[in-house]
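Visitor:
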Amino acid sequence: MDLPSMANRPVTDGKPAQRPRRKIDVHPVLMLVSVLLLCAVLTYVLDSGAFQRVDGRVVPGTYSLIPKSFDWWHLLGLGAAGEQARPAGVITVLESIPLGLVRNASLIFMVMFVGGLFGVFKQTGALDAGLDQLVHRSRGNVYLLAPVLMGALAAGSSFLGLISEYLVVLPVLLSMAERLRLSPLYAVAMLLIAAKLGYIASVSNPVVLPIAQGIVQVPIFSGFGMRLAVLAVFLPIGIAYLLYRIRRSGFTKADFAPAAGSLSGRHLGVLLLLGLAIVLMVYAGRTWSWHYNELSAFYLAVTAGLAVIGGLSARVSADAFIDGIKGMILPSLLIGLAGAIHVLLQEANILDTVVNAMAGLIHGQSSWIASLAIMFTEAGLDVLIPSTSAKAAISIPILWPIGQLSGLQGNSVVLAYLFGNGLMATVSPTSGLMLAMLAMAKVHYGAWVRFMLPLTLVLTVVATAFLLVATRIGY
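The sequence shown maps to residues 1139 to 1613 in my numbering.
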């Protein structure tokens, strides 16, 4: 009997062949629900307590425990607990989701209207024609486009406090990445790295600095030079990291064969209106204190203007608007789920307990160690309290007196707060706005963390060096 030929068989070492490992990316909704359930468990483990507050700001030294009821009907979420706190019951957990959606309704509607605006904008053809011209004139050179765009975005967030307003920019960057044959992840990274690093520096951020510096009793916008140095160091590191990852992906300018379309008069009119709208949006937000509701109304007006100038019929405009909104359903839901986590912890009265415990770890440390402790404390709190202004009002009044006892100056406390808040916000699983942007780009959270974590760790090391300098010079 002939033996089977061995010539065409693969050579092995006798070990079973290993299957390639699959990267597990958890659906963002499931991830936030998991965090919500984990927080529900914490309400049974941690004591309930509260600080006294004046005008929404915590009064240091006023923390007191609140008795907690573990009666079975309270655990189910049935009936009121009266003056007692209660852990999160089954109904409480479920109710926190619609409550989170309601509390963030103005932001959610703004996100949906942004989607509708860009649905109409894209339907006019001006987006495609404009991007074709931009990429054609730059010869598809992302190594030129990325630094210029990121510099502008970082300046907006650092000097003007823009962050949620950049939702209107992401669809443009996604379309540009598609033309350059880049992964959507790099479009999101271009926006989030620039915006987050600009916000960390907050050179003259009118949203964060008046709150934080007001609490530590230093002149508003003082310490400008140090924060400008932070921006000058952090942003080039972020840009270099993004370009390095793009180059590692195998991208070259030759990957793009431009097909530059002509810009018609209607296209130019649409682009001009959108540009003027962005300028007015920034001005109104800073001068007239426009917030989500006003911006939502403004986006509706701009959408109507784009449809008229673009020559779209009423039916086509309505269809494009609805199609744009459909793409924002998941981002909107994620914002609501992130809000549900804060609702749950607040209702169980354990947020102040966490702040009080973390403050105790800082007491009695040297000035540099205290500044690092404040930074990491704020990073931990960012998962529980994603809102920058809310976290400042809750935590800084507690951490500032403790920092003073360690020899910290007011601006050093603010700098540590900005570092902790901003660095964690680049990867936090409860950052509703970040998750919304990832969902818009169809980028999995796990893929984003794998991409972003090395940069976050590098910047954390750089931040510790800045805090060392700040404490040494009495900043």
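Beta carbons are placed, not taken as given, at the ideal position from N, Cα and C, and that holds for glycine.
According to DSSP, simplified to helix, strand and coil, what is serine 1202?
Guide: Strand.
Visitor: For alanine 1392, collect the residues of the same chain with a Cβ closer than 7 Å to its Cβ; drop the 5 residues on either side in sequence, then sort them by chain order.
Guide: Only weak support exists for where alanine 1392 lies, its pLDDT of 46 falling under 50; the value from the coordinates is given anyway. Closer than 7 Å at the Cβ level, and outside the excluded window around alanine 1392, lies no residue.
Visitor: Curious, which full-length alpha helix (DSSP H) runs of at least 4 residues does the stretch 1357-1407 contain?
Guide: If we require 4 residues or more, the alpha helix (DSSP H) runs fully inside the stretch 1357-1407 come out as 1362-1386.
Visitor: Given this structure, state the Cα-to-Cα distance separating valine 1565 from phenylalanine 1604, to the nearest angstrom.
Guide: Rounded to the nearest angstrom, the two C-alpha atoms are 21 Å apart.
Visitor: Output the distance between the C-alpha atoms of threonine 1181 and lysine 1580, rounded to the nearest integer angstrom.
Guide: So the two alpha carbons sit approximately 33 Å from each other.
Visitor: Ordered along the chain, which non-local residues of its own chain (more than five positions away) have a Cβ less than 7 Å from that of alanine 1378?
Guide: Nothing listed; no residue qualifies.
Visitor: Ends of the alpha helix (DSSP H) at alanine 1563?
Guide: 1548-1563 is the extent of the alpha helix (DSSP H) around alanine 1563.
Visitor: Among the residues of its own chain, which have a CB less than 6 Å from the CB of alanine 1608, if the five just before and after it don't count?
Guide: Closer than 6 Å at the Cβ level, and outside the excluded window around alanine 1608, lie Ser1550, Leu1553.
Visitor: Nearest by alpha-carbon distance to proline 1348: which of Leu1414, Leu1499, Ile1204, Leu1556 is it?
Guide: Among Leu1414, Leu1499, Ile1204, Leu1556, the Cα nearest to that of proline 1348 is on Leu1556.
Visitor: Pick from Asn1343, Ala1415, Ser1527: whose alpha carbon is nearest that of leucine 1438?
Guide: For leucine 1438, the nearest C-alpha among the options comes from Ala1415.
Visitor: Going by DSSP, what residue range makes up the alpha helix (DSSP H) through tyrosine 1337?
Guide: Tyrosine 1337 -> alpha helix (DSSP H) spans 1322-1339.
Visitor: Are proline 1166 and leucine 1489 closer than 7 Å when you measure CB to CB?
Guide: Contact: no.
Visitor: Take every Cβ of the stretch 1370-1385, pair it with every Cβ of the stretch 1588-1598, and state whether three or more of those distances are shorter than 8 Å.
Guide: Yes, the stretch 1370-1385 touches the stretch 1588-1598.
Visitor: Tell me whether the stretch 1470-1478 and the stretch 1231-1240 touch, counting them as touching only if at least three CB pairs, one residue from each stretch, are closer than 8 Å.
Guide: These segments touch.
Visitor: Give the straight-line distance between the Cα atoms of alanine 1577 and lysine 1464, rounded to the nearest whole angstrom.
Guide: The alpha-carbon atoms of alanine 1577 and lysine 1464 are separated by roughly 12 Å.
Visitor: Decide if histidine 1480 is buried, meaning its Cβ has at least 16 other Cβ atoms within 10 Å, or exposed.
Guide: Histidine 1480 should be labelled buried.
Visitor: For a test of the three-state rule: what should DSSP assign to threonine 1609, helix, strand or coil?
Guide: Looking at threonine 1609 - three-state DSSP - the assignment turns out to be helix.
Visitor: Considering phenylalanine 1208, what are the terminal residues of the alpha helix (DSSP H) in which it resides?
Guide: That residue, phenylalanine 1208, is in no alpha helix (DSSP H); it is neither H nor E in DSSP.
Visitor: Along the alpha helix (DSSP H) that carries proline 1236, what are the first and last residues, could you check?
Guide: Run containing proline 1236: 1228-1241, per the alpha helix (DSSP H) assignment.
Visitor: Can you find the residues in the same chain that come closer than 6 Å, C-beta to C-beta, to proline 1535, ignoring five residues on each side of it along the sequence?
Guide: Answer for proline 1535: Arg1195, Val1196, Pro1198, Ile1353, listed in chain order.
Visitor: So, are the CB atoms of glycine 1227 and isoleucine 1204 less than 7 Å apart?
Guide: No. Outside cutoff.
Visitor: What is the rounded straight-line gap between the Cα of glutamate 1303 and the Cα of phenylalanine 1208?
Guide: Straight-line Cα distance between these residues: approximately 44 Å.
Visitor: Measuring CA to CA, which of Leu1282, Leu1444, Gln1503, Gln1261 is closest to proline 1539?
Guide: If we check each option's Cα against that of proline 1539, Gln1503 comes out closest.
Visitor: From valine 1280 to serine 1244, what does the alpha carbon distance come to, in whole angstroms?
Guide: If you take the alpha carbons of valine 1280 and serine 1244, they lie about 35 Å apart.
Visitor: Cutting at 7 Å between CB atoms, please list the residues of its own chain near threonine 1441, excluding the five before and the five after it.
Guide: Same-chain partners within the cutoff: Gly1254, Leu1255, Val1258, Phe1459.
Visitor: Have a look at glutamate 1516 and leucine 1300 and give me their C-alpha separation to the nearest angstrom.
Guide: Their backbone Cα atoms lie some 21 Å apart in a straight line.
Visitor: Are alanine 1327 and leucine 1291 touching if we call contact CB-CB under 7 Å?
Guide: No, Cβ-Cβ distance for alanine 1327 and leucine 1291 is not below 7 Å.
Visitor: Report the option in Leu1561, Arg1610, Gln1542, His1582 whose CA atom is closest to the CA atom of glutamine 1355.
Guide: Closest option to glutamine 1355, Cα to Cα, is Gln1542.
Visitor: Could you check the C-alpha separation between leucine 1499 and leucine 1282 for me, to the nearest Å?
Guide: Rounded to the nearest angstrom, the two C-alpha atoms are 46 Å apart.
Visitor: Return the residue from the list Leu1537, Asp1457, Leu1269 that minimises the CA-CA distance to alanine 1445.
Guide: When each option's Cα is compared against that of alanine 1445, the closest is Asp1457.
Visitor: Do you know offhand how far valine 1408's Cα is from asparagine 1343's?
Guide: Each residue's Cα considered, the two are about 30 Å apart.
Visitor: Are phenylalanine 1251 and serine 1434 touching if we call contact CB-CB under 7 Å?
Guide: For phenylalanine 1251 and serine 1434, yes; Cβs fall inside 7 Å.
Visitor: Please tell me whether alanine 1325 and arginine 1365 are closer than 7 Å, where the distance is taken between their beta carbons.
Guide: Going by C-beta atoms, alanine 1325 is not nearer than 7 Å to arginine 1365.
Visitor: By DSSP's criteria, arginine 1224 is part of a beta bridge. Which residues make up the other side?
Guide: Paired residue(s): none; arginine 1224 is not in a bridge.
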